[in-house]
Each structure stands twice: as structure tokens, then as C-alpha cells.
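Chemist:
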Amino acid sequence: MRLTPLDVRKQEFGRQMRGYDQDEVRGFLDAVADEYEAATRENKELQGLLSEMKQKLQEFQQMESNLKDTA
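Heads up: the sequence shown at position 11 corresponds to 406 in the working numbering, and the numbers run straight through without jumps.
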């Protein structure tokens, strides 16, 4: 199962006596979700950049091959 920032934000925990401070837990989960969302966004951007670089590499390899063939 893939975890999303929304999953982290919506996570609920059972309540017990002398449990964790709910506001503190919620604040931490929000911070984790924000960081996870930023990392996910950066990952998508980097995947796009990687795809572009692979395409350029392929073009340069083709140019190199063409130059070798003409020499």
C-alpha cells in the first residue's frame, strides 16, 4: 500500500488515558505530510528532468554514431 500525504493528514489514533497530546501528534503528522508532499513533488520534477536528459543523451549518441559513420 502506498502512503500519501493525505493518508498521513487523515490518520486517526485511538484514545486512552494518559495518551499522547493530540495537538502535538496532529502537528507532527501535518509536518510529516508537508515534507512528504514536497519530496513527492520534487521526485516528479526530477523524473521529468531525467526523462529529458535521457532523450538528449540518445540524440547525442545518434549524432556521435553519425559522425563515426562519415569518418
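Yeah, the Cβ is synthetic: ideal placement off N, Cα and C, and Gly gets one too.
Between ARG410 and ASP425, which are expected to be in contact by the criterion C-beta below 8 Å, what is the C-beta distance as a whole number of angstroms?
Modeler: Actually they are not in contact, since the Cβ atoms of ARG410 and ASP425 sit about 19 Å apart, beyond 8 Å.
Chemist: Need the endpoints of the alpha helix (DSSP H) that MET458 sits in, please.
Modeler: From DSSP, the alpha helix (DSSP H) with MET458 extends over 417-465.
Chemist: Under the three-state reduction of DSSP, which class applies to LEU401: helix, strand or coil?
Modeler: Here LEU401 sits in helix by DSSP.
Chemist: If VAL427 sits next to PHE408, beta carbons under 8 Å apart, how far is it from one beta carbon to the other, in whole angstroms?
Modeler: The pair is not a contact, with the Cβ atoms about 14 Å apart (cut-off 8 Å).
Chemist: Cα separation between GLU437 and GLY443?
Modeler: Looking at the two C-alpha atoms, the distance is approximately 10 Å.
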